[in-house]
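If you read the sequences in order, they're chains A and B. If you use the numbering used here, the first sequence closes out at 281, no skipped numbers anywhere. If you use the numbering used here, the second sequence closes out at 237, no skipped numbers anywhere. All C-beta atoms in this analysis are idealised placements derived from N, C-alpha and C, irrespective of residue type, glycine included.
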Amino acid sequence: MFPTATIVFREIIEVALVVSIVLAATRGMPSRIHLVLAGLGVGVFGSVVIAFFTDAISQAIDGIGQEIFNAGVMFIAVGFLSWTVIWMKTHGRQLAQNIKAVGADVMAGDKSAYVLVGVVALATFREGAEIALFTYGMTASGAFPLSAIVMGGILGTIGGAAIGLMLYMGLLKAAQKHLFSITGWMLIVLTAGMAAQGANFLIAAGVLPPLHPEVWDTSALISGQSFIGETLRVLVGYTPRPTGMELVFYGTVLLGVGTAYKRVGKPVSSHRKALPLVAAE
Amino acid sequence: MKKLLLSMAMIGLASGVSSVAVAEDVQHNVTHEERTMHYEGQSYATTDEALEALKAHNKEIAELIKAEMLSNSDLERIHEISYSLETAIDKMIAEKAGKADQLGAIDEAVQAVHYASENHEDAQVREWFAKLEAAVATLDGKIVQSKTNADGAYELVIKDHMFTPDELHVPAGQKIKLVVHNQDPTPEEFESDDFRREKIVPGNSSATIYVGPLKPGKYHFFGEFNLDKANGYLYAE
């Protein structure tokens with residue numbers, strides 16, 4: 001039971017951390033809970049499908065199919081998350097101020113909220129597929145009775161979800177006033193970390209050069225395998241031995257999305273002031 | 001005293017007269033001509049074979065020098081072995097199967113043992129053999145790089161959720177190719193936080209993983225689905 005619980009906990013926590021920040025960041029967005037739940041549904045279903053086709057994915061593209069697939073999942077997630085962050089910046093104020101009625105207006109005709117489904121589904125795919133494969137292996141090996149595996153899975157899921165819930169509640173409490181900007185920046189940093197992970201998959205596939213094998217080594221300080229190391233990896237993209245290429249991706253996304261985030265949704269008046277007086281209007 | 005006995009023995013042998021002092025030790029008479037005889041060293045196809053031979057021969061010498069005094073036949077045998085030690089270390093130097101200074105230390109010790117045994121210098125043989133053993137020990141398992149297959153890839157086998165070998169020695173500073181064969185029916189995730197790779201290897205199949213270039217150091221890898229059993233280390237040297 002315990003090996004199942006541990007591994008499921010490890011994987012679920014990654015999903016839970018992403019989902020809880022997304023939930024906190026999109027506070028006020030109508031029906032976001034439904035969208036997130038839909039995302040989880042798609043994610044779980046997709047995980048099982050991916051797990052089923054692991055063999056085919058692995059063999060694809062001369063054996064680097066898995067790396068390319070993982071990189072793809074990462075980069076699409078980067079796109080969706082960036083979109084979510086910017087969208088919340090532009091609509092967040094209205095959503096926060098004018099409660100449901102206006103919220104519905106904002107949402108009407110704006111299909112981009114469905115991006116949220118994609119964000120959650122993508123965050124679930126990889127870890128979900130790992131859980132599916134792991135539990136399949138456990139069941140097939142017959143080392144543990146099915147009931148123990150199921151119990152372990154449930155325990156792990158509850159544990160992981162509890163950590164996510166704690167983060168969500170903590171964020172709502174601690175960041176009351178600046179919830180949007182705090183969670184917005186958290187998502188940007190998280191997104192940058194995903195971009196770096198995506199780059200690492202492409203390096204593993206031999207598609208990208210590492211540029212520099214190891215820019216620094218903090219593995220003695222915080223090991224990548226430790227609980228803190230893993231949590232930091234999800235939250236800020238921590239890696240004890242980053243390659244040059246990963247830092248380039250991290251920096252680019254941080255700078256790119258960060259700049260866009262700062263620019264969009266600024267009060268129009270301040271924008272006008274910054275512009276030189278133009279006669280023609 | 002030993003030296004005295006030894007020189008007496010040598011004189012005795014040189015003159016073709018068996019000395020009483022060494023008569024018990026000498027199993028068959030060794031003439032002066034035989035003593036300076038040159039032997040043919042064994043040849044080794046691979047550095048692994050050479051290293052194995054180096055260790056096997058050292059073991060034999062270690063047995064011989066357990067005797068309080070080396071008999072002439074012992075010294076003769078050691079001298080004979082030294083030829084094979086020479087070809088073995090030459091092979092390893094030629095193939096750069098280790099760090100230059102460590103191979104150099106072994107080479108020096110082999111030469112010294114060779115001459116000391118040729119001249120029947122008991123103490124010298126012992127002294128240099130100790131150095132030889134120490135030098136081989138530093139080489140053993142640390143510097144010798146793991147074998148690669150025909151494609152130049154390092155191979156790992158997962159069987160019963162364990163890695164074989166569970167230690168890989170690879171060159172630092174260059175990209176290496178790792179092929180993981182999962183011989184279990186269940187899937188495994190080959191993972192390393194240290195060299196930053198994760199890849200699912202389905203049951204009864206193989207996966208190729210490119211690693212590095214790595215800085216010199218020790219890197220942990222594991223099977224995420226069997227953390228208690230599937231563990232190993234990769235040494236970049």
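Taking only three categories from DSSP, how would you classify A:V85? On the first sequence, position 85 is the one that residue 85 of chain A refers to. Correct three-state label for A:V85: helix.
Which of helix, strand or coil DSSP assigns to A:A123: Here residue 123 of chain A refers to the residue found at position 123 of the first sequence. Note: A:A123 maps to helix in three-state DSSP.
Does A:P213 get closer than 8 Å to chain B when you measure Cβ to Cβ? In the first sequence, the residue the question calls residue 213 of chain A occupies position 213. Yes, contact with chain B.
Hey, B:E237 and B:P171 are a contact pair by Cβ (cut 8 Å); roughly how many whole angstroms apart? Reading the second sequence from its first residue, position 237 is the one you call residue 237 of chain B. Reading the second sequence from its first residue, position 171 is the one you call residue 171 of chain B. Their Cβ separation, rounded to whole angstroms, is 7 Å, which keeps B:E237 and B:P171 in contact under 8 Å.
Within a Cβ cutoff of 6 Å, which residues of the same chain sit near B:A153, ignoring the five residues on either side of it in sequence? Locating residue 153 of chain B in the second sequence gives position 153, where the first residue counts as 1. Result list for B:A153: K177, V179, in chain order.
Have a look at the DSSP bridge pairing and note the partners of B:H245. Since the first and last residues shown for chain B are 1 and 237, residue 245 of chain B lies out of range.
Name, please, each residue of chain A whose Cβ falls closer than 9 Å to the Cβ of B:E237. Working through the second sequence from its first residue, we reach residue 237 of chain B at position 237. Near B:E237 there are no residues of chain A at all, since even the closest Cβ is about 15 Å away, more than 9 Å.
Close beta carbons around B:K131, own chain, < 7 Å, minus the five adjacent residues each side: Indexing the second sequence from 1 puts residue 131 of chain B at position 131. For B:K131, where only same-chain residues beyond five positions count, the Cβ hits under 7 Å are A109.
In the DSSP assignment, what are the bridge partners of B:S192? Here residue 192 of chain B refers to the residue found at position 192 of the second sequence. B:S192 pairs with B:R197.
Paired residues, beta bridge with B:A153 - DSSP: As a first step, residue 153 of chain B must be located in the second sequence, where it is residue number 153. Its beta-bridge partners are B:K177.
Going along chain A, which residues have a C-beta under 7 Å from B:Y210? If you number the second sequence from 1, residue 210 of chain B lands on position 210. In chain order: A204, G206.
Inter-residue spacing [alpha-carbon to alpha-carbon] between A:G251 and B:G104: Within the first sequence, the letter at position 251 stands for residue 251 of chain A. Within the second sequence, the letter at position 104 stands for residue 104 of chain B. About 47 Å.
Three-state secondary structure (DSSP) at B:E167? The sequence position of residue 167 of chain B within the second sequence is 167, counting from 1. Note: B:E167 maps to strand in three-state DSSP.
Please classify B:Q174 as buried or exposed, where buried requires at least 16 neighbouring CB atoms within 10 angstroms. Mapped onto the second sequence, residue 174 of chain B falls at position 174. The residue in question, B:Q174, is exposed, as its Cβ has fewer than 16 Cβ neighbours within 10 Å.
For B:K218, the residue or residues it bridges with in DSSP: Locating residue 218 of chain B in the second sequence gives position 218, counting from the first residue. DSSP, once it has assigned bridges, lists B:Y235 as partnering B:K218.
Got a sec: is the Cβ-Cβ distance from A:R241 to anything in chain B below 8 Å? Counted from its first residue, the first sequence places residue 241 of chain A at position 241. So, interface residue.
Which residues does DSSP pair with B:G223 in a beta bridge? If you number the second sequence from 1, residue 223 of chain B lands on position 223. DSSP lists B:F190 as partners of B:G223.
Measure from the alpha carbon of A:R126 to the alpha carbon of each residue in A:G153, A:H178, A:A140, A:E11, then state which is nearest. Position 126 of the first sequence, counted from the start, is the residue given in the question as residue 126 of chain A. Closest option to A:R126, Cα to Cα, is A:E11.
Write down the C-beta distance between A:G164 and A:S20 rounded to the nearest angstrom, noting that I regard them as a contact closer than 8 Å. Within the first sequence, the letter at position 164 stands for residue 164 of chain A. Within the first sequence, the letter at position 20 stands for residue 20 of chain A. Contact holds; Cβ gap of about 4 Å.
Assess contact between the region 157–174 of chain A and the region 217–232 of chain B, defined as three or more Cβ pairs (one per stretch) separated by less than 8 Å. Is contact present? no
In whole angstroms, what is the alpha-carbon distance linking A:A113 and B:V157? Along the first sequence, one-based indexing puts residue 113 of chain A at 113. Along the second sequence, one-based indexing puts residue 157 of chain B at 157. Roughly 47 Å between the two C-alpha positions.
For A:I7 and chain B, any beta-carbon pair shorter than 8 Å? Counted from its first residue, the first sequence places residue 7 of chain A at position 7. So, interface residue.
Alpha carbon to alpha carbon, how far is B:I93 from B:V113? Give it in angstroms, no decimals. On the second sequence, position 113 is the one that residue 113 of chain B refers to. On the second sequence, position 93 is the one that residue 93 of chain B refers to. Computed Cα separation, rounded: 18 Å.
Contact list for A:L133 against chain B, beta-carbon separation under 7 Å: Taking the first residue of the first sequence as position 1, residue 133 of chain A is located at position 133. Those are P187, I200, listed as they occur along chain B.
Specify the secondary structure class of A:I222 as computed by DSSP and reduced to three states. Along the first sequence, one-based indexing puts residue 222 of chain A at 222. If DSSP states are grouped into helix, strand and coil, A:I222 belongs with coil.
Within chain A, partners of B:L214 - CB distance below 7 Å: What you label residue 214 of chain B is simply residue 214 of the second sequence in a count that begins at 1. Going along chain A in sequence order, the residues near B:L214 (Cβ under 7 Å) are P213.
Reference A:A260; option with closest CA among A:A143, A:P242, A:G170, A:W83: Position 260 of the first sequence holds residue 260 of chain A. It is A:W83 whose Cα lies nearest to the Cα of A:A260.
With DSSP as the reference, please indicate the residues paired to B:S206 in a beta bridge. For the purposes of this step, residue 206 of chain B is taken as the residue at position 206 of the second sequence. DSSP lists B:H181 as partners of B:S206.
May I ask you to report which of helix, strand or coil DSSP gives B:V211? Sequence index remark: in the second sequence, residue 211 of chain B carries index 211 (1-based). Three-state DSSP puts B:V211 in a strand.
Give me, in chain order, the residues of the same chain whose beta-carbon lies closer than 6 Å to that of A:L254; leave out the 5 immediate sequence neighbours on both sides. Taking the first residue of the first sequence as 1, we reach residue 254 of chain A at position 254. Answer for A:L254: A192, listed in chain order.
Pick helix, strand or coil for A:W185, following the three-state DSSP scheme. In the first sequence, residue 185 of chain A corresponds to position 185, counting from 1. Reduced to three states, the DSSP call for A:W185 is helix.
Distance, A:L17 Cα to A:L202 Cα: Here residue 202 of chain A refers to the residue found at position 202 when the first sequence is read from its first residue. Here residue 17 of chain A refers to the residue found at position 17 when the first sequence is read from its first residue. Those two C-alpha atoms are separated by around 24 Å.
Using only the alpha-carbon positions, how far apart do A:G43 and B:E189 sit? As a first step, residue 43 of chain A is located in the first sequence; it is residue number 43 there, counting from the start. As a first step, residue 189 of chain B is located in the second sequence; it is residue number 189 there, counting from the start. If you take the alpha carbons of A:G43 and B:E189, they lie about 20 Å apart.
Would DSSP call A:L17 helix, strand or coil? Residue mapping note: residue 17 of chain A aligns to position 17 of the first sequence, counting from 1. Three-state DSSP puts A:L17 in a helix.
In angstroms, rounded to a whole number, what distance separates the CA positions of A:L289 and A:M186? The structure shown has nothing for residue 289 of chain A, since chain A only spans 1 to 281.
Quick one: is B:I207 near chain A, going by C-beta distance under 8 Å? As a first step, residue 207 of chain B must be located in the second sequence, where it is residue number 207. The sequence shown places Ala at residue 207 of chain B, not Ile. Yes, B:A207 lies at the interface with chain A (some Cβ there is under 8 Å from its Cβ).
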